[in-house]
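Quick note, the sequences are listed as chains Y and D, same order.
Quick note, the first sequence lines up with residues 1 to 222 if you use my numbering.
Quick note, the second sequence lines up with residues 223 to 444 if you use my numbering.
Don't be surprised by glycine CBs; every beta carbon is placed ideally from N, CA and C.
There are 2 protein chains.
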Amino acid sequence: MAQLDEAEDSNSRADQAAEQLRRLLIAGDLVPGQRLSETAVSERLGVSRNTLREAFRMLTHERLLVHKPHAGVFVAVPSLASIIDIYRVRRMIECQALRSSPARHPASRRMRAAMESAQASRDADDWLAVGTANMEFHSAIVALADSDHLDRLYANISAELRLAFGLLDDPEYLHRPYVDRNAAVLELYLAGDSAGAASVLEDYLLLSERTIVAAYARQLPA
Amino acid sequence: MAQLDEAEDSNSRADQAAEQLRRLLIAGDLVPGQRLSETAVSERLGVSRNTLREAFRMLTHERLLVHKPHAGVFVAVPSLASIIDIYRVRRMIECQALRSSPARHPASRRMRAAMESAQASRDADDWLAVGTANMEFHSAIVALADSDHLDRLYANISAELRLAFGLLDDPEYLHRPYVDRNAAVLELYLAGDSAGAASVLEDYLLLSERTIVAAYARQLPA
DNA sequence: GGTTAGTGATTGTTGAACAATCAATCGAGT
DNA sequence: ACTCGATTGATTGTTCAACAATCACTAACC
C-alpha cells in the first residue's frame, strides 16, 4: 500500500521518518557528531522539511540527536559522563526491580526469550543481534517493576547506550561475556533467589561499565 | 524587543508557546480531558499552526497532553494507575538518592531553599506556591543522585503529578502536612543520618500516596 | 597579522493549499 | 419508529513556497 518498499509499524509519516533514522543510527550508518542537513535528509527520506523537523524533535527527546539553535541537528556523541550516568541509573533501577519483584512475574518470559535469542545469535556469530537481545533482556528486567515511566526511561537510555556501542568497534568483545551471565541471573531469579540475582547483576553491570569506559578511553584518547 | 508583554526565558517560538501552555496547565486554566483545537490555540498564542504543533509534540512527550491521531490533542487526564506508578518511581528514586548520597551535597542548599520557600508560602496561605516549593524540594532530593537522566525523568513525573493535583481541589489539605515533614527529612540528612532520612521519606511518600489516591477516588467515583 | 564588514547558506517561522480521516447529520428502507 | 448507510462538514496530516533571522566563512582593510 505504501510507495516505499518498507512497511512501517507506525502510522504517521513523521513516525516513519523517525523510525528510519533510528535504524540508520543503530546500524552505524550515521556517525556521531555528523550534522544532518534538513533539506538533504528530507529529500533522502522522501518527506517534507516540516515533517522531518517533527521526526528530529522526537529523536532529540530520545537523546539520539542534539539540536543546536540556528546550527542544525547533529548525531549525538555519547560523552563519558553520560555513559557513567547511564550505568548508575541502570544499577539503581535494574537491581531494585529484580530484588523487589515477585517470583513469577510475566516479564520473566521475556527474559528467557531474550536470553535464548542471544545464545542463538552468539552461535551464529551475529554480534549486533547479540547486543539487541542483551538489551531486550535488560529491558525485561526493568519491566519486572511494572512501571510505565521506568520502561520509557529505560528505552531512552538503551538507545543512547546503543549509540555509544556503535562508537566502539569489536562488538564481540562488548557482548560475548554477558550472554552466560544473563543466563545465571535468570536462573537465580527463577529459583526464587531475587537478592542473589540482583547481587550478581550488580557485579555484572559494574564490570560492563568498566569494560565500556576502558574501551571508550582507549578509542577516544581526547 | 518582543511584541508581547511577556519576555520568555526560551529562545524558540515553539518553546515559548510550550511554556505558555505549561503555565495554563498548572494554573488549572485548561481542564484535563479538554480538546485543544490547533487553529484556536494557535491564534490565541499568536503562533503558526506548524509551530504550535511542535509545542504540542513537546508537551506530549512530557505526558501533559495526549495525542490521538486524526482526532487532535487533549489535556491528559491522570489515571489512578499512573498516579500509583509515579509514587512507586518516586519511592524508588528519591529514597535511594537520599540514602546513597554523600553528606554535604551541593543540592542540599536547594533543599533548604525550597523548604524555607514552602514555609513562607504556607504562612502567606498561598497553597499553589507551597505545592511548587514542595516539588522543588523533591526535585532537589533527586539531584542528590547527580544523574541527568533521573533529573529529567523526575521533571516529567512532577509535571504529570501536578496535573493530577489540579484535578483535585482543596490544595491546603494536599500540601500543608508535608512542609514540616520536609524540614524533618532535611534535618536528618544534614545531621548525617541518610538512612534515617530515607526511612522518614519513604513513610512520608506512602502517606502522601494514600492521601492523593483517596482524594482521587472520592472525587472521581467512576 | 588581526579585525571587521560582507556574503552565502542554513535554519526558524509563517501562510496557504490539498489530501486523509473522523464524526455527526440526514435519509432510505424495513 | 428504528437501524443501517451515505453524504457532508470539520479537523488533522502533510506539503510547498516564501521570507526573516542567524551563523560561519571569506576577503578586504588597517
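- A contact is defined here as three or more CB-CB pairs under 8 Å, and the stretch 406 to 416 of chain D meets this definition with respect to the stretch 320 to 327 of chain D.
- When the Cα atoms are used, D/L410 and D/V401 turn out to be separated by approximately 15 Å.
- Distance check between D/A406 and each of D/Y426, D/A303, D/V352 places D/Y426 closest, using alpha-carbon atoms only.
- Y/F74 is bridged by DSSP to Y/R35, Y/V66.
- Fully contained in the stretch 103 to 164 of chain Y are the following alpha helix (DSSP H) runs of length 4 or more, in chain order: 107 to 123, 127 to 143.
- By the 16-neighbour rule on beta-carbons within 10 angstroms, Y/D85 is buried.
- Look at D/I379: its C-beta is under 9 Å from a C-beta on chain Y.
- Residues of chain D whose Cβ lies closer than 9 Å to the Cβ of Y/D203 do not exist; the shortest such Cβ separation is about 17 Å.
- In the three-state DSSP reduction, Y/G28 falls in the coil class, being neither helix nor strand.
- Y/T51 counts as buried, since no fewer than 16 other beta carbons sit within 10 angstroms of its beta carbon.
- Neighbours of D/L372 across chain Y, judged by C-beta separation under 7 Å: V89.
- For D/L302, the enclosing alpha helix (DSSP H) stretches over residues 302 to 321.
- The beta carbon of D/R279 sits closer than 9 Å to some beta carbon of chain Y.
- Between D/P300 and D/L389, the C-beta gap is smaller than 9 Å, which places the two residues in contact.
- The C-alpha of Y/H67 is placed about 16 Å away from the C-alpha of Y/L163.
- Short of 7 Å from the beta carbon of Y/A140, and not among the five residues preceding or following it, lie these beta carbons of its own chain, in chain order: A107, R110, M111, A114.
- Our two residues, D/G255 and Y/E172, have alpha carbons roughly 50 Å apart in a direct line.
- Sequence-distant Cβ neighbours of D/A298 in its own chain, meaning closer than 8 Å and more than five residues away, are P254, R285, L286, L287, V288, E382, L385.
- Residues of chain D whose Cβ lies closer than 9 Å to the Cβ of Y/Q96 are, in chain order, M314, Q318.
- A Cβ of chain D is located within less than 9 Å of the beta carbon of Y/R53.
- Within the stretch 299 to 310 of chain D, those residues whose Cβ lies closer than 9 Å to any Cβ of chain Y are, in chain order, A303, S304, D307, I308, R310.
- Here Y/S42 has S48, R49, L52 as same chain residues with Cβ atoms under 7 Å from its own Cβ, once five neighbours each way along the sequence are excluded.
- Rounded to the nearest whole angstrom, the C-alpha separation of D/H397 and D/A437 is 13 Å.
- Non-local beta-carbon contacts of D/G418 in its own chain, meaning distances under 8 Å to residues more than five positions away in sequence, involve L410 in chain order.
- Counting the other Cβ atoms within 10 Å of the Cβ of D/N404 gives 16 or more, which makes it buried.
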